[in-house]
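Asks: For the sequence shown, position 149 matches number 158 in the numbering used here, and the numbering has no gaps at all.
C-beta atoms are modelled at their ideal positions from N, C-alpha and C, and glycine is treated no differently.
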Amino acid sequence: MRHITVLSGGSGGARLLPALRHALASGSVPGLSPETTVTVVGNTADDLWVHGLKVCPDLDTMMYTLGHGVDADRGWGRDAETWSARDELAAYGVEPSWFALGDRDLATHLVRTEMLEAGYPLSAVTEALCRRWQPGVRLLPMTDDRVETHVVVADPDSPSGRRAVHLQEYRVRMAAQVPAEAVLFVGLDQAQPGPGVLEAIAEADLVLLAASDPVVSIGPVLGLPGVREALAATAARVVGLSPLPGTDAAVPDLTRRLLDCVEVEASAAGVGLHLGARGRGGVLDAWLVDEQDADQLPRLAEAGLAARAVPLLPGSPEQVARALTAAVELAG
10 MRHITVLSGG SGGARLLPAL RHALASGSVP GLSPETTVTV VGNTADDLWV HGLKVCPDLD
70 TMMYTLGHGV DADRGWGRDA ETWSARDELA AYGVEPSWFA LGDRDLATHL VRTEMLEAGY
130 PLSAVTEALC RRWQPGVRLL PMTDDRVETH VVVADPDSPS GRRAVHLQEY RVRMAAQVPA
190 EAVLFVGLDQ AQPGPGVLEA IAEADLVLLA ASDPVVSIGP VLGLPGVREA LAATAARVVG
250 LSPLPGTDAA VPDLTRRLLD CVEVEASAAG VGLHLGARGR GGVLDAWLVD EQDADQLPRL
310 AEAGLAARAV PLLPGSPEQV ARALTAAVEL AG
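1) What residues are listed by DSSP as bridge partners for residue 31?
2) Taking its Cβ as the centre, do 16 or more other Cβ atoms sit within 10 Å of residue 131, making it buried, or is it exposed?
3) Assign residue 107 to one of three DSSP states: helix, strand, or coil.
4) Reducing DSSP to helix, strand and coil, say where residue 191 ends up.
5) DSSP has residue 296 in a bridge; who is on the other side?
6) What is the residue span of the beta strand (DSSP E) that residue 159 lies within?
7) Can you tell me whether residue 224 is helix, strand or coil according to DSSP?
8) Quick check on the DSSP output: the alpha helix (DSSP H) that includes residue 132 runs from which residue to which?
9) Of the choices 15, 40 and 21, whose alpha-carbon is the least far from that of residue 222?
10) Using a Cβ-Cβ cutoff of less than 7 Å, which residues in the same chain neighbour residue 245 once the five nearest sequence positions on both sides are dropped?
11) CB residue 50 to CB residue 146, shorter than 8 Å?
12) Have a look at the DSSP bridge pairing and note the partners of residue 17.
13) Based on Cα-Cα distance, which residue from 328, 110, 301 and 241 lies nearest to residue 286?
14) Exposed or buried, what is residue 267 when buried is set at 16 or more other beta-carbons lying within 10 Å of its beta-carbon?
15) Is it right to say residue 35 is buried, meaning 16 or more other beta carbons lie within 10 angstroms of its own, or is it exposed?
16) Would you report the Cα separation of residue 128 and residue 134, rounded to the nearest angstrom?
17) Residues in its own chain within less than 8 Å of residue 310 by CB, not counting five upstream and five downstream?
18) In angstroms with no decimal places, state the Cα-to-Cα distance between residue 92 and residue 11.
19) Measuring CB to CB, does residue 296 end up less than 8 Å from residue 281?
20) Taking the Cβ atom as the reference point for each residue, do residue 254 and residue 322 lie within a distance shorter than 8 Å?
21) Using the DSSP secondary-structure output, state which residues sit across from residue 152 in a beta bridge.
22) On the DSSP letters alone, give me the boundaries of the alpha helix (DSSP H) that residue 280 sits inside.
23) Can the beta-carbon of residue 116 be found closer than 8 Å to that of residue 124?
24) Can the beta-carbon of residue 204 be found closer than 8 Å to that of residue 235?
25) Inspect the beta-carbon positions of residue 292 and residue 237 and report whether they are closer than 8 Å.
26) Following the continuous beta strand (DSSP E) through residue 174, name the residue where it begins and the one where it ends.
27) Would the region 38-47 count as touching the region 89-105 if we require 3 or more Cβ pairs under 8 Å?
28) For residue 336, is the classification buried or exposed, using 16 other Cβ atoms within 10 angstroms of its Cβ as the cut-off for buried?
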């Protein structure tokens, strides 16, 4: 395989991409070699403006992880971070206090915002930032246009009885502890795929859907005008990795709330059926689930999906390498 394209959110990419890069360099996965190129189409719908700065959580998580600058314990943000700017903002009483920017992380957002205000599109800004981090993949924002995910929640003080909050507020400040009544991708229907996005899908030998949140990480990428059509037309096989564990109790609150909101079963099979078989109007040719979910394979097969159970969790490099081997085998 010469070209692999990955559709990803931040945490899903952070688990998959380092192992994929290692597999290419080591030749540990049959069919992949150091000459295989990787293009990552990253979700930008959870981007937000904070204190006048443009923050791209998913792009930054992948960039920092691949550039060996991520906080490994948290899985996001910079390593060896300090919080002086956060503390000073709090002393001034500046909101939002619930979304903290670390001092080292702040530099990335300052550079990004300065370049955007100078007229550079997000794709060019991301390329410039990656020159520092050398991620070993081509990292593309899904769009240069502004798209934001908002979650509708109940609000008895609002005239309508509801209000919309940014996904980050729902995730961080509210800790996803209240039901989500709707998910809105503001601006998505008018957005255009970023430079190289559709071409990366069309020219791939394999398209991977990283094990990212199916509603707010993979969902916006698939909802971008032209992406589903590109997936339907590509000669590449499209293989997804389940983001859900084998035990119901381990499904994160955020994921469960959002899946409930869009009426999708919170299981590996439920998400696979939600994404659907490409031959039946969906986007997938094959779906990898964790070995704990092997009992769900018949349901997937009935829906036209080639499926296989492999160790996916907790996502060690060795496990991801085995998953990549299965993905390549399913891709033929």
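Replies: Reading from the atomic positions:
1) Looking up residue 31 in the sequence shown gives position 22. In DSSP, residue 31 forms no bridge with anything.
2) The residue given as residue 131 occupies position 122 in the sequence shown. With 16 or more other Cβ atoms within 10 Å, it is buried.
3) As a working note, residue 107 is residue 98 in the sequence shown. DSSP places residue 107 in coil when its eight states are reduced to three.
4) Along the sequence shown, read from residue 1 onward, the residue named residue 191 stands at position 182. In the structure shown, residue 191 sits in a strand (DSSP, three-state: E or B).
5) Stepping through the sequence shown from its first residue, residue 296 is reached at position 287. The bridge partners DSSP lists for residue 296 are 249 and 316.
6) Stepping through the sequence shown from its first residue, residue 159 is reached at position 150. Counting along the chain, the beta strand (DSSP E) containing residue 159 begins and ends at 157-163.
7) Start at 1 with the first residue of the sequence shown, and residue 224 comes out as number 215. Note: residue 224 maps to coil in three-state DSSP.
8) The sequence position of residue 132 within the sequence shown is 123, counting from 1. Segment 131-142, the alpha helix (DSSP H) holding residue 132.
9) What you label residue 222 is simply residue 213 of the sequence shown in a count that begins at 1. Of the listed residues, the one whose Cα sits closest to residue 222 is 21.
10) Here the question's residue 245 lines up with position 236 in the sequence shown. Result list for residue 245: 213, 214, 215 and 216, in chain order.
11) For the purposes of this step, residue 50 is identified with residue 41 of the sequence shown, where counting begins at 1. For the purposes of this step, residue 146 is identified with residue 137 of the sequence shown, where counting begins at 1. Contact flag unset, no.
12) Looking up residue 17 in the sequence shown gives position 8. In DSSP, residue 17 forms a bridge with 51.
13) In the sequence shown, counting from the first residue as 1, residue 286 sits at position 277. Comparing Cα positions, the closest option is 241.
14) Along the sequence shown, one-based indexing puts residue 267 at 258. Counting other Cβ atoms within 10 Å of its Cβ, residue 267 reaches 16 or more and is therefore classed as buried.
15) Counting from one through the sequence shown, the residue named residue 35 turns up at place 26. Residue 35 should be labelled exposed.
16) As a first step, residue 128 is located in the sequence shown; it is residue number 119 there, counting from the start. As a first step, residue 134 is located in the sequence shown; it is residue number 125 there, counting from the start. Between residue 128 and residue 134, the C-alpha separation is close to 10 Å.
17) Position 301 of the sequence shown, counting from 1, holds the residue named residue 310. Within the same chain, Cβ atoms closer than 8 Å to the Cβ of residue 310 are found at 316, the five residues on either side in sequence being excluded.
18) As a first step, residue 92 must be located in the sequence shown, where it is residue number 83. As a first step, residue 11 must be located in the sequence shown, where it is residue number 2. Those two C-alpha atoms are separated by around 43 Å.
19) Sequence index remark: in the sequence shown, residue 296 carries index 287 (1-based). Sequence index remark: in the sequence shown, residue 281 carries index 272 (1-based). Yes, the Cβ-Cβ distance between residue 296 and residue 281 is below 8 Å.
20) Walking along the sequence shown from the start, residue 254 turns up at place 245. Walking along the sequence shown from the start, residue 322 turns up at place 313. Against a cut-off of 8 Å, the Cβ pair of residue 322 and residue 254 comes out as a contact.
21) Position 143 of the sequence shown, counted from the first residue, corresponds to residue 152. DSSP lists 202 as partners of residue 152.
22) For this step, residue 280 is matched to residue 271 along the sequence shown. From DSSP, the alpha helix (DSSP H) with residue 280 extends over 277-284.
23) Start at 1 with the first residue of the sequence shown, and residue 116 comes out as number 107. Start at 1 with the first residue of the sequence shown, and residue 124 comes out as number 115. Cβ atoms of residue 116 and residue 124: not closer than 8 Å.
24) Taking the sequence shown and counting its residues from 1, the one referred to as residue 204 is at position 195. Taking the sequence shown and counting its residues from 1, the one referred to as residue 235 is at position 226. No. Outside cutoff.
25) In the sequence shown, counting from the first residue as 1, residue 292 sits at position 283. In the sequence shown, counting from the first residue as 1, residue 237 sits at position 228. Contact: yes.
26) Indexing the sequence shown from 1 puts residue 174 at position 165. 171-175 is the extent of the beta strand (DSSP E) around residue 174.
27) no
28) Residue 336 sits at position 327 when you count from the first residue of the sequence shown. Residue 336 should be labelled buried.
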